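Numbering (numbering that gives the first Met the number 0), first residue to last: 0 to 161. In this text, a Cβ means the ideal position worked out from N, Cα and C, and glycines have one as well. None of these values were measured; they are calculated from a predicted model. Working notes for the structure below.
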Amino acid sequence: MFSGLSYSEGKLVLDIGCGNGRYGGTNYTESEYSYVNYNCRYIGIDPLLGENRNVPFVQSVAEYLPFKSKIFDTVIMVTSMDHFMDLDMALSECKRVLKPGGIFATATGVYEDPNHTDPSHVYHLTRQSAFDATAKHFEVTQINFFEGSGCNSFFIRGVRRV
């Protein structure tokens with residue numbers, strides 16, 4: 000899903016809700032990682048302590064990102080959207096730390112059944128609600144939908160408006 004993103008030399012990538020840093024690649028040297036044959040600077044952020052000590056990691060929440068404005072080239076968010084306490088605030092913070100023209104990409108589980116519940120999810124997103132939340136803050140440039148067993152995945156890519 001994320002292979003089409005522009006990860007090139009020296010670009011700064013923020014992974015919100017990184018968990019164990021699994022989307023940061025596997026070949027680490029200090030703060031750089033190898034992904035699709037490019038070297039990027041990667042930072043993972045998660046409210047829980049990172050499990051992978053080889054990933055540059057900041058313990059925080061998406062609603063209050065501890066970074067200066069307009070410093071990241073790419074912000075990714077994988078299976079995190081439905082866990083934030085305030086989704087709009089989290090997306091606003093993503094926009095704040097992303098450079099103008101920078102890329103935002105998210106993949107999240109979506110459920111069209113109105114009776115679906117999951118106590119670990121603050122939000123139970125549909126394709127439309129995930130799109131609407133993202134489009135409020137970013138110019139959406141790509142949408143993909145993947146059917147799965149029990150949970151369908153929705154990938155949205157956007158660009159930070161100037």
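Whole-angstrom distance between residue j and residue i, CA atom to CA atom
i	j	result
THR25	VAL12	Model confidence at THR25 stands at a pLDDT of 43, short of 50, so the residue's coordinates are unreliable; what they give is reported in the following sentence. So the two alpha carbons sit approximately 15 Å from each other.
ARG159	PHE145	24 Å
LYS98	ILE42	15 Å
LEU47	ARG40	21 Å
PHE130	THR78	14 Å
HIS82	ASN114	18 Å
VAL35	CYS17	In this prediction, VAL35 has a pLDDT of 32, which is less than 50 and means its spatial position is unreliable; what the coordinates show is noted afterwards. Their Cα atoms are separated by approximately 18 Å.
Beta-carbon gap between residue i and residue j smaller than 8 Å
i	j	result
VAL74	PHE56	no
SER128	VAL96	no
GLY108	ASP72	no
Proximal residues to residue i (C-beta, below 7 Å), its chain only, five neighbours per side dropped
i	result
MET88	GLU62
LYS94	HIS136, PHE137, ARG159
DSSP three-state assignment for residue i, whether helix, strand or coil
i	result
TYR63	helix
ASP14	strand
PHE130	helix
LEU124	coil
ASP138	In the sequence under discussion, the amino acid at residue 138 is Glu, which differs from the Asp named in the question. Strand at GLU138.
MET76	strand
PHE144	strand
LYS94	helix
ASP85	coil
TYR41	strand
ILE102	strand
Nonlocal neighbours in the same chain, by C-beta distance under 6 Å from residue i, ignoring five residues either side
i	result
ARG156	ALA104, THR140, GLN141
Rounded Cβ spacing between residue i and residue j (contact assumed at less than 8 Å)
i	j	result
MET84	ILE15	Not really, about 13 Å apart at Cβ, beyond 8 Å.
Nonlocal neighbours in the same chain, by C-beta distance under 8 Å from residue i, ignoring five residues either side
i	result
ALA134	GLY157
ALA132	MET80, LEU86, ASP87, LEU90, LEU124
ILE70	LEU11, VAL96, LYS98
GLU92	ALA61, GLU62, TYR63, LEU64
Contact test: residue i Cβ vs the ligand COA heavy atom, cutoff 7 Å
i	result
ALA89	With respect to small molecules bound, the structure shown includes none, and the ligand COA cannot be examined in it.
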